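Heads up, the thing below is written out as structure tokens.
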Amino acid sequence: MESTLTEEFKAKAAHICARYPRRDAALIPLLAEIQKEHGFIAEEAMDALARLLEIPYSRVKAVTTFYTMFKRAPAGRYHLQVCRNISCHMAGAPGLLESLRAKLGIKEGETTRDGLFTLSAVECLGACGSAPVMMVNEIYFENLTAGKLDAVLEDLRHNRLKDLGL
Amino acid sequence: MPTIKIDGRTIEVTKGTTLLEAAQKLGIYIPRYCYHPKLSISGNCRMCLVEIENAPKLATACSTEAAEGMSVFTGTDKVKTARRDMLEFLLINHPLDCPICDQAGECGLQDYYMKYSLQKSRFRQEEKVRRQKRRAVGPHLVLDNERCILCTRCVRFCAEVTKTSELEVMQRSDHSYIDLKEGKALDNNYSLNIADICPVGAFTSRDFRFKQRVWFLKKTSTVCLGCATGCRMTAHHNENTIYRLVPLPNSQTNTWLCDHGRMTYKAVQAGDRLSKGVIKNGLIDLEPALREAATRIDEAKSEAAVLGSPWLSVEDNAALARLAISALKTVNFCFEFSSGQGIKDGILVNEDPAPNTAGAGLLKAAHGGVSLEELSGRIASGRIKVLVTEARAAGLVKTALKTSGCRLIVFAQNRSEIPAGAYATLPYASYFETPGTFINYQGLRRRTNPAVRPADGVKPLWNVVNKLAAYSGTSLGLDSAENALKDIKL
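As given, the protein sequences belong to chains H and W, one line each in that order.
To convert, note that position 3 of the first sequence is 3 in this note's numbering; the numbers rise steadily by one, no gaps.
With positions in the second sequence counted from 1, the corresponding number in this note's numbering is that position plus 1000.
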């Protein structure tokens, strides 16, 4: 169990903890750190983190499940996050979502069988000026249209967006 | 010391007193779900909203401290509307399964709805967000998340009282639910308190649910005899059957009651409850059993001994002392028990498992007698031919009895209590059936009150002792429990 957290992680954790007056305040940054490392937060990791921070497991689980941006299962290589708030909605986000659902054959929250795409509908991405917006991992695709969306999807499938870090 | 006005009535309170507490002192009830006097303030249920003069918005009475000159109103139209709206919110996703809910009759939602709302919901039944229905979450509790209003009393109880922190609110908004670690049981020896403090039917007791509708229950306040702490509690019973034990909060011993203590009523109505005597392994009517026991005592004369019991009331111990002194005329009697005393888990459970070690000590003070070591020595050396005692007290001299060939005459309530090798067993009434005085580890004197009647023929122990003495030819003249206490200063 203890081995879930590497020595390297523990060193990093000590550094992060030092920023806060209380150890348990480092919970969210450390969860983010775990997610960055493994792509998601496993039960074992929550358990190990609880012991590391000397807080109850239930607390870690409560925080992890409260924030939708913490994933508790591995996601696909590309996490497609389509904004569904008012600006994007008015600019055609429902249509984008609908076509993604049809093209990928999955619903929001699901991952394609090949493990390439995970689809999510998310709240405001803070780019209303260029709505509708989709975030893929950490890269924004703005002013989307049906055609543009298809092109992005094809590029991702053929791994042509390496320059963007995808 | 701020002075405030609540509904026009003036009260001076100590600094830090909340509006809810101040109102309570004036006898003004403010509805609440998440507030509990022994838990931290959460302020999440919003039922206790009150109006404060010159304040722009309503404030939660449970978390607002009284400040000098504050004028608070608890019954204005604004407050009433807020309460009605809060109830509508709380009931949006509530399943309304009252007919099959065991909390019905003592449910905070039902009570407040009748008192503060009586309004039709504007939300449609079909649109309710469903959550997980009942499941067992440990040896004592069932959790039905759909009925939960997320007041977090249970979460705070586990975090603050038992400090085990099993429970938390998972997820968020209308998906939130109470949960604990997968595969883990909610088992901390205080878990049933959660069923008590849960204002709705989310947490119910596995032991009690569906046994009896709560409006049929009668209540008798009594004392828990699970250990030397001697918590006050209420026995809920109906038609001569006890259904559950709940704490009777008091400042001297307890707010809560441990799971072990709550199950002590089980023995009273267990299948192996004795209503007849037992000679060796055979059941026999009480009178012949008494005659047989008396004969054995008479044979032994002054070689008979009496051992009191820290599990018996002061009255019953006094009757045993009278038996030793007046009937048996023996010097072999012991009412001295020593046990480590004090709260061992930091909450309620005492180091001393017997409820009346201090009470038995009163008999030692009044009549003397030998020490437990001395008595056990005399038994082991074969100088004692017959020992009269209570079943659990016999366990204290178990090793001495094993080798000695001493005949053991015990008083027992249940067949499972009877120590191995007992010669005769005499039944007696439990302290749920007869009053008795107990002295807890702090020296507090508390009396049990009978909640149910014993089975026909089962008498209080002092009465059985009186009969036993009569069969051996001495009249002790015990016609009441108080009578036995003649020489004892309580």
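The beta carbon of each residue, even a glycine, is placed where N, CA and C say it ideally should be.
Remember, it's a predicted structure, so these values are computed and weren't measured experimentally.
* Can you find a C-beta in chain H that's less than 7 angstroms from the C-beta of Leu1478 of chain W? -> By 1-based counting over the second sequence, the position of residue 1478 of chain W is 478. No, Leu1478 of chain W does not count as interfacial toward chain H.
* To do: With a cut-off of 8 angstroms on the beta carbons, I'd call Lys1276 of chain W and Pro1427 of chain W a contact; round off their distance for me.
  => Counting from one through the second sequence, the residue named residue 1276 of chain W turns up at place 276. Counting from one through the second sequence, the residue named residue 1427 of chain W turns up at place 427. Between the beta-carbon of Lys1276 of chain W and that of Pro1427 of chain W there is about 7 angstroms, and that keeps the pair under the 8 angstroms contact cut.
* Does the distance from the C-beta atom of Leu1496 of chain W to that of Cys1062 of chain W stay below 7 angstroms? -> Look at the range of chain W in this structure, 1001 to 1490, and you will see that residue 1496 of chain W is not part of it.
* Asked: Does any residue of chain H bring its CB to less than 7 angstroms from the CB of Val1137 of chain W?
  -> The residue labelled residue 1137 of chain W in the question sits at position 137 within the second sequence. Chain H, which has no Cβ nearer than 7 angstroms to the Cβ of Val1137 of chain W, makes this no.
* Asked: Is the shortest distance between the beta-carbon of Ala32 of chain H and the beta-carbons of chain W less than 7 angstroms?
  -> Indexing the first sequence from 1 puts residue 32 of chain H at position 32. No, Ala32 of chain H lies away from the interface with chain W (no Cβ there is under 7 angstroms from its Cβ).
* Nearest chain H C-beta to Val1169 of chain W closer than 7 angstroms, yes or no? -> Within the second sequence, the letter at position 169 stands for residue 1169 of chain W. At least one CB atom of chain H sits nearer than 7 angstroms to the CB of Val1169 of chain W.
* At which residue ranges does the segment 1022-1080 of chain W contain complete beta strand (DSSP E) runs of 3 or more residues, listed in the order of the chain? -> For the segment 1022-1080 of chain W, whole beta strand (DSSP E) runs of length 3 or above, ordered along the chain, are 1049-1052, 1071-1073.
* To do: Assign Gln1269 of chain W to one of three DSSP states: helix, strand, or coil.
  => Start at 1 with the first residue of the second sequence, and residue 1269 of chain W comes out as number 269. Note: Gln1269 of chain W maps to helix in three-state DSSP.
* Asked: Could you check where the alpha helix (DSSP H) with Lys1467 of chain W kicks off and where it finishes?
  -> What you label residue 1467 of chain W is simply residue 467 of the second sequence in a count that begins at 1. Per DSSP, the unbroken alpha helix (DSSP H) holding Lys1467 of chain W starts and ends at 1461-1471.
* To do: Hey, could you find the ends of the alpha helix (DSSP H) Met46 of chain H is sitting in?
  => Translated into the one-based positions of the first sequence, residue 46 of chain H becomes position 46. Here the alpha helix (DSSP H) through Met46 of chain H covers 43-53.
* Asked: Does the distance from the C-beta atom of Leu1362 of chain W to that of Val1331 of chain W stay below 7 angstroms?
  -> Here residue 1362 of chain W is taken as the residue at index 362 of the second sequence, counted from 1. Here residue 1331 of chain W is taken as the residue at index 331 of the second sequence, counted from 1. No, the pair does not count as a contact, with Cβ atoms beyond the cut-off.
* Between the beta-carbon of Leu1150 of chain W and the beta-carbon of Ser1191 of chain W, is there less than 7 angstroms? -> The residue you call residue 1150 of chain W lines up with position 150 of the second sequence. The residue you call residue 1191 of chain W lines up with position 191 of the second sequence. In this structure, Leu1150 of chain W keeps its C-beta atom at 7 angstroms or more from the C-beta atom of Ser1191 of chain W.
* Using CA coordinates, which residue listed in W:Val1072, W:Asp1207, W:Lys1364 is at the minimum distance from Ser1309 of chain W? -> Numbered from 1 along the second sequence, position 309 holds the residue referred to as residue 1309 of chain W. Closest in alpha carbon position to Ser1309 of chain W, among W:Val1072, W:Asp1207, W:Lys1364, is W:Lys1364.
* Which chain W residues are close to Pro56 of chain H, counting only those with a beta carbon under 7 angstroms from its beta carbon? -> Residue numbering aside, residue 56 of chain H sits at position 56 when the first sequence is read from its first letter. The answer, in chain order, is Ser1165.
* Just the chain W side, please: which residues come within less than 8 angstroms of Lys61 of chain H by C-beta, in chain order? => Looking up residue 61 of chain H in the first sequence gives position 61. Those within 8 angstroms of Lys61 of chain H in chain W are Glu1168, Met1170, Asp1179, Lys1181.
* **Delimiting residues of the alpha helix (DSSP H) encompassing Ile1006 of chain W** => Taking the second sequence and counting its residues from 1, the one referred to as residue 1006 of chain W is at position 6. Note, Ile1006 of chain W: premise wrong, no alpha helix (DSSP H); beta strand (DSSP E) at 1003-1006.
* Asked: Can Ala1195 of chain W and Cys1148 of chain W be called in contact, C-beta distance under 7 angstroms?
  -> As a first step, residue 1195 of chain W is located in the second sequence; it is residue number 195 there, counting from the start. As a first step, residue 1148 of chain W is located in the second sequence; it is residue number 148 there, counting from the start. 7 angstroms or more divides the Cβ of Ala1195 of chain W from the Cβ of Cys1148 of chain W.
* At a CB-CB cut-off below 9 angstroms, which residues of chain W make contact with Phe66 of chain H? -> Position 66 of the first sequence holds residue 66 of chain H. Result: Val1169, Met1170, Gln1171, Arg1172, Ser1176.
* Taking the alpha-carbon positions, what's the Asp150 of chain H to Val82 of chain H distance? -> Along the first sequence, one-based indexing puts residue 150 of chain H at 150. Along the first sequence, one-based indexing puts residue 82 of chain H at 82. Their Cα atoms are separated by approximately 14 angstroms.
* Asked: Near Arg1415 of chain W, which residues of its chain fall below 7 angstroms by C-beta distance, leaving aside the five closest residues on each side in sequence?
  -> Counting from one through the second sequence, the residue named residue 1415 of chain W turns up at place 415. For Arg1415 of chain W, where only same-chain residues beyond five positions count, the Cβ hits under 7 angstroms are Asp1272, Leu1274.
* **Cα-Cα separation between Glu98 of chain H and Arg1153 of chain W, rounded to whole angstroms** => Against the first sequence, residue 98 of chain H aligns to sequence position 98. Against the second sequence, residue 1153 of chain W aligns to sequence position 153. A straight-line Cα-Cα distance of about 43 angstroms links Glu98 of chain H and Arg1153 of chain W.
* C-alpha gap between Glu2 of chain H and Lys10 of chain H, whole angstroms -> If you number the first sequence from 1, residue 2 of chain H lands on position 2. If you number the first sequence from 1, residue 10 of chain H lands on position 10. Residue confidence is low: Glu2 of chain H scores 47 on pLDDT, short of 50, so the model does not pin down where it sits. No coordinate-derived value is stated.
* Asked: Between which two residues does the beta strand (DSSP E) containing Arg1445 of chain W stretch?
  -> For the purposes of this step, residue 1445 of chain W is identified with residue 445 of the second sequence, where counting begins at 1. For Arg1445 of chain W, the enclosing beta strand (DSSP E) stretches over residues 1445-1448.
* Gly136 of chain H and Leu80 of chain H look like a contact to me (Cβ under 8 angstroms); what is the Cβ gap, rounded to whole Å? -> Here residue 136 of chain H is taken as the residue at index 136 of the first sequence, counted from 1. Here residue 80 of chain H is taken as the residue at index 80 of the first sequence, counted from 1. The amino acid at residue 136 of chain H is misidentified as Gly; the sequence shows Val. So it is a contact: roughly 6 angstroms between Cβ atoms.
* How many Å lie between Glu54 of chain H and Asp24 of chain H at the Cα? -> Locating residue 54 of chain H in the first sequence gives position 54, counting from the first residue. Locating residue 24 of chain H in the first sequence gives position 24, counting from the first residue. Their Cα atoms are separated by approximately 8 angstroms.
* To do: Hey, could you find the ends of the alpha helix (DSSP H) Ala1324 of chain W is sitting in?
  => Position 324 of the second sequence holds residue 1324 of chain W. That residue, Ala1324 of chain W, is in no alpha helix (DSSP H); it is neither H nor E in DSSP.
* Asked: Cβ atoms of Gly165 of chain H and Asn115 of chain H: under 7 angstroms apart, would you say?
  -> Taking the first residue of the first sequence as 1, we reach residue 115 of chain H at position 115. Taking the first residue of the first sequence as 1, we reach residue 165 of chain H at position 165. For clarity, residue 115 of chain H is Gly in the given sequence; the question names Asn instead. Taking 7 angstroms as the cut-off, the beta carbon of Gly115 of chain H is found no closer than this to the beta carbon of Gly165 of chain H.
* Selection from W:Gln1119, W:Cys1158, W:Asp1174 that minimises the alpha carbon distance to Glu1146 of chain W -> Translated into positions along the second sequence, residue 1146 of chain W becomes position 146. The closest CA to that of Glu1146 of chain W, considering only W:Gln1119, W:Cys1158, W:Asp1174, is found on W:Asp1174.
* Do you know whose CA, among W:Thr1425, W:Ala1380, W:Arg1447, lies nearest Val1458 of chain W's CA? -> Within the second sequence, the letter at position 458 stands for residue 1458 of chain W. Cα-wise, what sits closest to Val1458 of chain W is W:Thr1425.
* Asked: Helix or strand or just coil, what does DSSP make of Ile1284 of chain W?
  -> Within the second sequence, the letter at position 284 stands for residue 1284 of chain W. Secondary structure at Ile1284 of chain W: strand, using DSSP grouped into helix, strand and coil.
* Using alpha carbons as the reference points, say which of W:Lys1120, W:Thr1003, W:Val1161, W:Ser1251 lies closest to Asp1345 of chain W. => Position 345 of the second sequence, counted from the start, is the residue given in the question as residue 1345 of chain W. The closest CA to that of Asp1345 of chain W, considering only W:Lys1120, W:Thr1003, W:Val1161, W:Ser1251, is found on W:Val1161.
* Classification of Lys1385 of chain W by the beta-carbon crowding that lies within 10 angstroms, buried from 16 upward -> Stepping through the second sequence from its first residue, residue 1385 of chain W is reached at position 385. The residue is buried, with at least 16 neighbouring Cβ atoms inside 10 Å.
* Asked: Mind checking Trp1462 of chain W: buried by the 16 CB within 10 Å criterion, or exposed?
  -> On the second sequence, residue 1462 of chain W is found 462 positions in, with the first residue counted as 1. Trp1462 of chain W comes out buried.
* Lys1193 of chain W, enclosing alpha helix (DSSP H) - first and last residue -> Taking the second sequence and counting its residues from 1, one reaches residue 1193 of chain W at position 193. Residue identity differs from the one stated: residue 1193 of chain W is Asn in this sequence, not Lys. Note, Asn1193 of chain W: alpha helix (DSSP H), 1192-1197.
* Asked: If you drop the 5 nearest sequence neighbours on each side, which residues of the same chain put their C-beta closer than 7 angstroms to that of Ala1294 of chain W?
  -> Residue numbering aside, residue 1294 of chain W sits at position 294 when the second sequence is read from its first letter. Leu1468, Tyr1471, Ser1472.
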